[in-house]
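*Asks:* Letter 64 of the sequence shown, counting from 1, is numbered 1018 in the working numbering, and no numbers are missing. Where is the CB? At the ideal position from N, CA and C, for every residue including glycine. Below you'll find the structure I mean.
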Amino acid sequence: MTDWKPRTKLVHSGTRRSQYGEVSESIFLTQGFVYDTAEAAEARFIETGPDEFIYARYGNPTVRMFEDRIAALEGTEDAFATASGMAAVNGTLAAMLQAGDHVVSARALFGSCLYILENILTRYGVEVTFVDGTDNDAWAAAIRPDTKAVFLETVSNPTLEVIDLRAVSDMAHKVGATVIVDNVFATPVFSRSIELGADVIIYSATKHIDGQGRCLGGVICGTKDFVRNTAEPYLKHTGGSLSPFNAWVMLKGLETMDLRVRAQAETALALAEAVEGHPALAKVLYPHLPSHPQHAVAIDQMGSGGTVMSLDLSGGKAAAFAFLNALEIVTISNNLGDAKSIATHPATTTHQRLTDAQRADLGITDGMVRLSVGLEDTGDLLADVRRGLAAATAV
Ligand SMILES: *Cc1c(COP(=O)(O)O)cnc(C)c1O
């Protein structure tokens, strides 16, 4: 099974069949499990076997299928599924940190990740140092002998900075720190995070794993010891577990994820190449454009530029809004990795909470539009983006 290629793993790994021999994975929509005898109940609470369950907050057959399948793909020993991507981020950090611990984190983070590191962990006495994630010297200066963990998004949102995971992992491991990556933008399809040194890999399954905008979910991938002895006790007692129904949606999402994400990434690259240099645009940010500041790292680390690009319209907010309002296929929303192409104006939505100075520091301009590329026809999407750019030029 371990020598299966990713696409085979995505279809077959982790499958558990009931006595009926069903072809499609079952949804075990149950929170509890019965025991034949009182002695059996006692025994299960002493030691829960690999095919035994107690309560859905602790584990469930459908959830376990999803966990086993994503762990097989990612190349980690185990995985724990969570109610959302944020439950995975919070669960990982809260489960392993305590007052007095030191964490180094990249500054360019998804808003809720930044909130956990900046506002929650610090309330419980964890010291957090933020660095420019693309500056290896800044990581070297911030990581101390007592640093417990480093946290980063391998590709940042929405500026798509690519962090040199191998270099940061090497520095962290020299002091024994755990490397935790939020790998949403790299996607599980293009992830090489284990190979590059990550210890814990987190996904918001809401994005490419579902890929069709239906359910929230998340997952923590790591060693069996970390997942079952550190993450699971925290999550099963605090209630961040994934529902069996959502796990089933994610499990079926995994079957087609490789095909979807590769097609989306191919279209994203074609669009980025086609619109770069348009007079309405100050910049096109896409990791696999040669103009991207970390182009070489992106090629080495992902083998693809991913499904998301950011367009920086030179006419500021008015141009960005004209662009968005002229789109006929691409919808205005804030998910990403969806089959439907989605455009977002980070400055007024996902990153509205930040101060002007914080946004400037992260490179989020008023003219920036994040574009998550879906599964529509490339030509139709290009025509739609050109329609938006023409409207932006007219502002
Ligand atoms: C969406 C996202 C999250 C949060 O995931 P939810 O499933 O919405 O909780 C965390 N990190 C990144 C990079 C994301 O894009």
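If Val1058 and Ile1000 are in contact, beta carbons under 8 Å, what's the gap, nearest whole angstrom?
*Replies:* As a working mapping, residue 1058 is identified with position 104 in the sequence shown. As a working mapping, residue 1000 is identified with position 46 in the sequence shown. At roughly 40 Å, the Cβ-Cβ gap does not stay under 8 Å, so Val1058 and Ile1000 are not in contact.
*Asks:* Which same chain residues end up closer than 6 Å to Asp1055 when comparing Cβ atoms and leaving out the 5 residues on each side of it in sequence?
*Replies:* Start at 1 with the first residue of the sequence shown, and residue 1055 comes out as number 101. These residues qualify, in order along the chain: Val1080 and Lys1102.
*Asks:* When every heavy atom of ligand 1 is checked, does at least one fall within less than 7 Å of the C-beta of Ser972?
*Replies:* Within the sequence shown, the letter at position 18 stands for residue 972. No; taking the cut-off as 7 Å, the Cβ of Ser972 has no heavy atom of ligand 1 nearer than that.
*Asks:* Taking only three categories from DSSP, how would you classify Phe1020?
*Replies:* On the sequence shown, position 66 is the one that residue 1020 refers to. Note: Phe1020 maps to helix in three-state DSSP.
*Asks:* Within 8 Å, do at least three Cβ pairs link the region 1305-1319 to the region 1285-1292?
*Replies:* Taking 8 Å as the limit for Cβ pairs, the verdict is that the region 1305-1319 does not touch the region 1285-1292.
*Asks:* Measure how close the beta-carbons of Val1339 and Leu1267 come, nearest whole angstrom, since I'm counting them as under 8 Å.
*Replies:* Numbered from its first residue, the sequence shown carries residue 1339 at position 385. Numbered from its first residue, the sequence shown carries residue 1267 at position 313. Contact doesn't hold; Cβ gap of about 12 Å is too wide.
*Asks:* Which partner residues of Ser1158 appear in the DSSP bridge assignment?
*Replies:* Position 204 of the sequence shown, counted from the first residue, corresponds to residue 1158. Bridge partners of Ser1158: Gly1172.
*Asks:* Would you be able to state if there are at least three C-beta pairs under 8 Å between the region 1032-1039 and the region 1181-1198?
*Replies:* The answer is yes - the region 1032-1039 touches the region 1181-1198, with three or more Cβ pairs under 8 Å.
*Asks:* Taking the straight line between their C-alpha atoms, what separation do you get for Phe1064 and Leu1106?
*Replies:* Your numbering for residue 1064 matches position 110 in the sequence shown. Your numbering for residue 1106 matches position 152 in the sequence shown. So the alpha carbons of these two residues sit roughly 10 Å apart.
*Asks:* Which word fits Asp1153, buried or exposed, when buried means at least 16 other C-beta atoms lie within 10 angstroms of its C-beta?
*Replies:* Position 199 of the sequence shown holds residue 1153. Asp1153 comes out buried.
*Asks:* Would you decide whether Glu1021 is buried or exposed? Buried here means 16 or more other CB atoms lie within 10 Å of its CB.
*Replies:* Counted from its first residue, the sequence shown places residue 1021 at position 67. So Glu1021 ends up on the buried side.
*Asks:* Quick one: does the C-beta of Leu1170 sit closer than 7 Å to a heavy atom of ligand 1?
*Replies:* Taking the first residue of the sequence shown as position 1, residue 1170 is located at position 216. Yes.
*Asks:* DSSP state of Arg1009, grouped into three classes?
*Replies:* Position 55 of the sequence shown holds residue 1009. Looking at the sequence itself, residue 1009 is Tyr, so the reference to Arg does not match. Three-state result, Tyr1009: strand.
*Asks:* With a floor of 4 residues, list each alpha helix (DSSP H) that falls wholly inside the region 1261-1304, ordered by position along the chain.
*Replies:* Listed in chain order, they are 1270-1280.
*Asks:* From which residue to which residue does the alpha helix (DSSP H) around Lys959 run?
*Replies:* By one-based count along the sequence shown, residue 959 stands at place 5. It is not in any alpha helix (DSSP H) - Lys959 carries neither H nor E in the DSSP assignment.
*Asks:* Using 8 Å as the threshold, is the C-beta distance between Ala1280 and Ala1345 below it?
*Replies:* Here residue 1280 corresponds to residue number 326 of the sequence shown, with the count starting at 1. Here residue 1345 corresponds to residue number 391 of the sequence shown, with the count starting at 1. Yes.
*Asks:* Reducing DSSP to helix, strand and coil, say where Glu1330 ends up.
*Replies:* Numbered from its first residue, the sequence shown carries residue 1330 at position 376. It is coil, neither helix nor strand.
*Asks:* Residues in its own chain within less than 7 Å of Val1181 by CB, not counting five upstream and five downstream?
*Replies:* Walking along the sequence shown from the start, residue 1181 turns up at place 227. Only Asp1032, Ala1033, Phe1034 and Ile1174 meet the Cβ criterion.
*Asks:* Report yes if the C-beta of Gly1207 is less than 7 Å from at least one heavy atom of ligand 1; otherwise report no.
*Replies:* Within the sequence shown, the letter at position 253 stands for residue 1207. Incorrect: Gly1207 has no Cβ contact closer than 7 Å to ligand 1.
*Asks:* To the nearest angstrom, report how far apart Thr1108 and Ala1236 are at their CA atoms.
*Replies:* Taking the sequence shown and counting its residues from 1, one reaches residue 1108 at position 154. Taking the sequence shown and counting its residues from 1, one reaches residue 1236 at position 282. Approximately 24 Å between the Cα atoms of the pair.
*Asks:* Between which two residues does the alpha helix (DSSP H) harbouring Ile1253 extend?
*Replies:* Translated into positions along the sequence shown, residue 1253 becomes position 299. Residues His1249 to Met1256.
*Asks:* Around the C-beta of Asp1334, are 16 or more other C-beta atoms found within 10 angstroms, so that it is buried, or is it exposed?
*Replies:* The residue you call residue 1334 lines up with position 380 of the sequence shown. Exposed, because fewer than 16 other Cβ atoms sit within 10 Å of the Cβ of Asp1334.
*Asks:* Grab me the residues of Tyr1009's own chain with a C-beta within less than 7 Å of its C-beta, minus the 5 sequence neighbours each way, in chain order.
*Replies:* The sequence position of residue 1009 within the sequence shown is 55, counting from 1. Closer than 7 Å at Cβ, skipping near neighbours: Gln985 and Gly986.
*Asks:* Could you tell me the distance, in whole angstroms, from the CA atom of Lys1161 to the CA atom of Lys1294?
*Replies:* What you label residue 1161 is simply residue 207 of the sequence shown in a count that begins at 1. What you label residue 1294 is simply residue 340 of the sequence shown in a count that begins at 1. One C-alpha to the other measures close to 12 Å.
*Asks:* In whole angstroms, what separates the C-alpha of Phe1084 from that of Ala1060?
*Replies:* Position 130 of the sequence shown holds residue 1084. Position 106 of the sequence shown holds residue 1060. Approximately 6 Å, taken between the alpha carbons.
*Asks:* Given Tyr989, which residues of its chain have a CB within under 7 Å of its CB, disregarding the five upstream and five downstream residues?
*Replies:* Against the sequence shown, residue 989 aligns to sequence position 35. Around Tyr989: Ala995 and Arg998.
*Asks:* On the three-state DSSP scale, how would you describe Ile1318?
*Replies:* The residue you call residue 1318 lines up with position 364 of the sequence shown. If DSSP states are grouped into helix, strand and coil, Ile1318 belongs with coil.
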